[in-house]
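Structure first, commentary second.
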Amino acid sequence: MTLSIEIRESARIALSAIRANKLRSGLTTLGVVIGILTATLVGTLLNGMTDAFERSVSSLGADVINIGRFPWASFDDYRTYRNRREITFQQFRELERQITTAAAIAPQCEDFGQSVGYERRRAKGVWLVGNTEVALSIRGLTVERGRWITASDVSSERAVCVLGSYLSEAFFPNDNPLGKRIRIKDTPYEVVGVLAPMGNMMGWNQDNQVVIPVSRFQGDFGRRPDYTITIKARRPDRVDETLNEVRSLFRRIRKIEPGRMDDFALNQQEAILAFFSGFKTTLASFGFFVTGLSLFVGGIGIMNIMFVSVAERTKEIGIRKALGAKRRTILIQFLLEAATITLIAGIIGIGLAWPISWKIGDIARESGSIFEARMSWAIVAFALFVSGTTGVIAGFIPAWRASRMNPVDALRSEN
Amino acid sequence: MPLIRIENLARHYVMGTETVHALRGVSLSIERGEYLAIMGPSGSGKSTLMNLLGCLDTPNEGVYELNGKNVARMTDNELADIRNREIGFVFQSFNLLARSDALHNVELPLIYAGLPPKERRERARATLANVGLGDRMHHRPNELSGGQRQRVAIARALVNSPSIILADEPTGNLDSKTGVGILALFEELSRRGNTIIVVTHEEEVALHSRRVIRIRDGLIAADEINREQRAVVDGAAVALAGITPLFIV
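Quick note, the sequences are listed as chains A and B, same order. Letter 104 of the first sequence, counting from 1, is numbered 164 in the working numbering, and no numbers are missing. Letter 179 of the second sequence, counting from 1, is numbered 826 in the working numbering, and no numbers are missing.
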């Protein structure tokens, strides 16, 4: 008897047995459904996060160091850092003057809730950034139209701005934005450039920004803004050298006594990376745990239902054996039945995860995130594989028992 | 060479502390083409003998040669092959698969024999037509009468052209008129050269065979040639004569 004929017949039997016991089969699969649902969702989320991360943070470059009051990735209380002394423009100037291992250094000050208007249109919650001419390359930005801020814009405190692509589209859907005057708070600024779309970085929309000369920021939006300083290392392979120099110079500039802790944070893409991968690990182990637990519980349920199925069909097993079914045939029949039940459960799980992942994607998009929940074929294939395997493992003992039945005893059975 | 040769076949069961000797050493030869009845009261060991002859069970002692092969010492899987190719079972309670239609029930032995779908469907159709059920192929067992079910079972027993048709109380669940119809079918099969072994406790049924073996207490009590075999004519049983003993053990 060839294996393919055997498997086809077994699949037929399995499907008809499941059809005959829809409710029972359905209830038992619940555990497997939940397991596969979790596995698929967590997998999809991890996919989306990795993807979003790669499209945002990694554009910064590994050779960029950022000085600020707040560390980029930390589980500590926000208030620990809030009371730190501000970083001033003078401190930036000092650092710029003394540093020897930097390819470029730029100050930046920002405000996350500005309102910007053009004619009757207004945008709120705009990310307003004060930059110098150097920041373009350090921040890893690209100008799509027009130009970036120049050194003379900064020195003569010109009221010019570069728009993020989101704002540009919001204000000038059909017009050329260059040369137009927008209002930031109450001050008019002339648009000189538009940035290429970037997407999100850790949750906020980078395209919803306006860049102005850092010198204008001091005048128009606060006398003593809190600066961050971005430094590009001169040698990308010796970032540590730059990091050490920056730390010791800046401690001296901020007059921190030896033995006391830094009152500023040196941030790198790596820190986010580490934080992010820690978060991913947590999420993955949570998903693994829930999946494992529900598959285990579901598997026990499947084993149980298969024992019932074998007991109910003892006579059938006897008949089949009398007609020439081998142990292997009976084993495959019941294994396939168990695997079919769990595969259906897997398909249901995937079917539930699909709209949920779309919903998550929608919510993320509405909140301006570039996070995309994408269920890849690899995840679907993996989920199907896991669910089928669960069935085979859970169904093995009942199927084994069925295959070893003595035909005389099985035929004598009432069922 | 006889089709079946058994020598000192014994089978006992251990039930708790007790050992039940169901068969205590039976020797027997059956030739190809015989129509034979095994008779005996319940508990006589006739079911055990039938299970052994049908390769559903293996003996504790003795030799069982089927077509010259000793099947007494075969493994489970080898026995499954023998059952599939050499033996066609007809049971008292039909033992059809309830969820499958007549055609698929008849196809089963051919599936286990590994025949391709097209060929096995053709053979199953032809066999069903032979037992007069050409118009009932897609009926399920619960849509068929008792006699029709037994015909499906007989078609299933015949479909793989086995060496022996082994029938266990084939008329036990049928009314007498339907039973006679089944016996007529056996007669026809016998006339075409099939070897038929019927296990029964009804004299009425045994009278249709050519040879009657009586089992009592796990031993053969009598092995008789039925000189005046009853024949079924127009669906009615006609008694022709009595039985002449061949020898008495």
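Think of the CB as a built atom: it goes at the ideal place given N, C-alpha and C, for glycine as much as any other residue. Computed from a prediction, not measured in an experiment: that's the story for all the values here.
Since residue i is in the alpha helix (DSSP H), which residue starts that stretch and which ends it?
i, result
"phenylalanine 388/A", "Note that residue 388/A is arginine in the sequence shown, not phenylalanine. Per DSSP, arginine 388/A belongs to the alpha helix (DSSP H) from 387-426."
"isoleucine 379/A", "374-382"
"glycine 828/B", "823-838"
"phenylalanine 149/A", "149-158"
"threonine 450/A", "437-463"
Report yes if the CB atom of residue i is closer than 8 Å to the CB atom of residue j, and no otherwise.
i, j, result
"alanine 802/B", "threonine 774/B", "yes"
"alanine 385/A", "tyrosine 759/B", "yes"
"asparagine 327/A", "proline 167/A", "no"
"methionine 686/B", "threonine 847/B", "yes"
"alanine 405/A", "serine 447/A", "yes"
"phenylalanine 324/A", "arginine 157/A", "no"
"isoleucine 407/A", "tyrosine 287/A", "no"
"alanine 804/B", "glycine 735/B", "yes"
"arginine 730/B", "threonine 842/B", "no"
"glycine 279/A", "glutamate 217/A", "yes"
"leucine 343/A", "isoleucine 67/A", "no"
"valine 194/A", "isoleucine 165/A", "yes"
"phenylalanine 738/B", "arginine 796/B", "no"
"serine 417/A", "alanine 433/A", "yes"
"leucine 755/B", "leucine 383/A", "yes"
"alanine 669/B", "glycine 701/B", "no"
"serine 354/A", "isoleucine 159/A", "no"
Apply the 10 Å Cβ neighbour rule to residue i and answer buried if 16 or more other Cβ atoms are within range, or exposed otherwise.
i, result
"lysine 419/A", "exposed"
"glutamate 474/A", "exposed"
"aspartate 213/A", "buried"
"valine 667/B", "exposed"
"glutamate 305/A", "buried"
"tyrosine 138/A", "exposed"
"arginine 380/A", "buried"
"proline 892/B", "Low local confidence applies: a pLDDT of 38 at proline 892/B is under 50, so the model's placement there is unreliable, with the coordinate-based value given in what follows. So proline 892/B counts as exposed."
"asparagine 655/B", "exposed"
"glycine 108/A", "buried"
"isoleucine 457/A", "exposed"
"serine 463/A", "buried"
"tyrosine 249/A", "buried"
"methionine 321/A", "exposed"
"valine 778/B", "buried"
"serine 64/A", "exposed"
"valine 845/B", "buried"
"glycine 173/A", "exposed"
"glutamate 665/B", "exposed"
"arginine 199/A", "buried"
"lysine 184/A", "exposed"
"proline 467/A", "buried"
"threonine 351/A", "buried"
"isoleucine 811/B", "buried"
"serine 694/B", "buried"
"glutamate 179/A", "exposed"
"alanine 883/B", "At alanine 883/B, the pLDDT of 39 sits below 50, so the modelled position is not reliable; the number obtained from the coordinates is stated separately. So alanine 883/B ends up on the exposed side."
Just to confirm the assignment, what range does the beta strand (DSSP E) spanning residue i have?
i, result
"aspartate 213/A", "Careful: aspartate 213/A lies outside any beta strand (DSSP E), inside the alpha helix (DSSP H) at 211-215."
"serine 175/A", "162-178"
"histidine 659/B", "651-662"
"serine 676/B", "665-677"
"proline 868/B", "Residue identity check: residue 868/B is alanine in the sequence provided, not proline. Its beta strand (DSSP E) spans residues 866-872."
"glutamate 816/B", "Where glutamate 816/B is concerned, there is no enclosing beta strand (DSSP E), given that its DSSP letter is neither H nor E."
"methionine 721/B", "Methionine 721/B -> no beta strand (DSSP E), and no H or E assigned at all."
"phenylalanine 736/B", "734-737"
Return yes when at least one heavy atom of the ligand FAD lies under 7 Å from the C-beta of residue i, else no.
i, result
"arginine 182/A", "Because no ligand of any kind appears in the structure shown, any question about the ligand FAD cannot be addressed here."
Run down chain C in chain order and give the residues with a C-beta less than 9 Å from the C-beta of residue i.
i, result
"glycine 709/B", "Looking at the structure shown, chain C is missing, and the protein chains on hand are A and B."
> Looking at C-beta atoms only, is the number of pairs between the segment 221-228 of chain A and the segment 146-154 of chain A that lie closer than 8 Å three or more?
Replying inline: Between the segment 221-228 of chain A and the segment 146-154 of chain A there are fewer than three inter-stretch CB-CB distances shorter than 8 Å, so the stretches are not counted as touching.
> Between the segment 63-76 of chain A and the segment 350-366 of chain A, are three or more C-beta pairs nearer than 8 Å?
Replying inline: Between the segment 63-76 of chain A and the segment 350-366 of chain A, the count of Cβ pairs shorter than 8 Å is below three; the stretches do not touch.
> Do the segment 665-684 of chain B and the segment 852-869 of chain B meet, that is, are 3 or more Cβ pairs less than 8 Å apart?
Replying inline: Contact annotation: the segment 665-684 of chain B touches the segment 852-869 of chain B, with at least three C-beta pairs closer than 8 Å.
> If contact means a Cβ-Cβ distance below 7 Å, which residues of the segment 735-749 of chain B contact chain A?
Replying inline: Result list: Phe736, Asn742, Leu744, Arg746.
> Using a beta-carbon distance cut-off of less than 9 Å, what residues from the segment 366-383 of chain A approach chain B?
Replying inline: Listed in sequence order: Lys375, Glu376, Gly378, Ile379, Arg380, Lys381, Ala382, Leu383.
> For the segment 81-100 of chain A, which residues have a CB atom closer than 9 Å to at least one CB atom of chain B, in sequence order?
Replying inline: Cβ contacts with chain B come from no residue of the segment 81-100 of chain A.
> On the three-pair Cβ rule with 8 Å, is the segment 782-789 of chain B touching the segment 824-841 of chain B?
Replying inline: Contact fails: fewer than three Cβ-Cβ distances are below 8 Å.
> Which residues, in order along the segment 454-468 of chain A, keep a beta-carbon less than 7 Å from a beta-carbon of chain B?
Replying inline: The residues in question are Pro467, Val468.
> Listed from N- to C-terminal order along the chain, which residues in the segment 682-716 of chain B have their beta-carbon within a distance smaller than 7 Å of any beta-carbon of chain A?
Replying inline: Those would be Asn698, Leu703, Asp704, in chain order.
> For the segment 310-330 of chain A against the segment 186-204 of chain A, are there 3 or more C-beta pairs whose distance is under 8 Å?
Replying inline: Not touching, per the Cβ criterion.
> What residues in the segment 815-838 of chain B bring their beta carbon closer than 7 Å to a beta carbon of chain A?
Replying inline: Taking 7 Å as the Cβ-Cβ cut-off against chain A, none of the residues of the segment 815-838 of chain B qualify.
> Taking a cut of 8 Å between CB atoms, which residues from the segment 783-804 of chain B lie near chain A?
Replying inline: Arg803: these are the residues of the segment 783-804 of chain B whose beta carbon lies less than 8 Å from some beta carbon of chain A, given in chain order.
> Mind listing which residues of the segment 752-782 of chain B have their C-beta closer than 7 Å to chain A's C-betas, in chain order?
Replying inline: For the segment 752-782 of chain B, residues whose beta-carbon sits nearer than 7 Å to a beta-carbon of chain A comprise Leu755, Pro756, Ile758, Tyr759, Ala760, Gly761.
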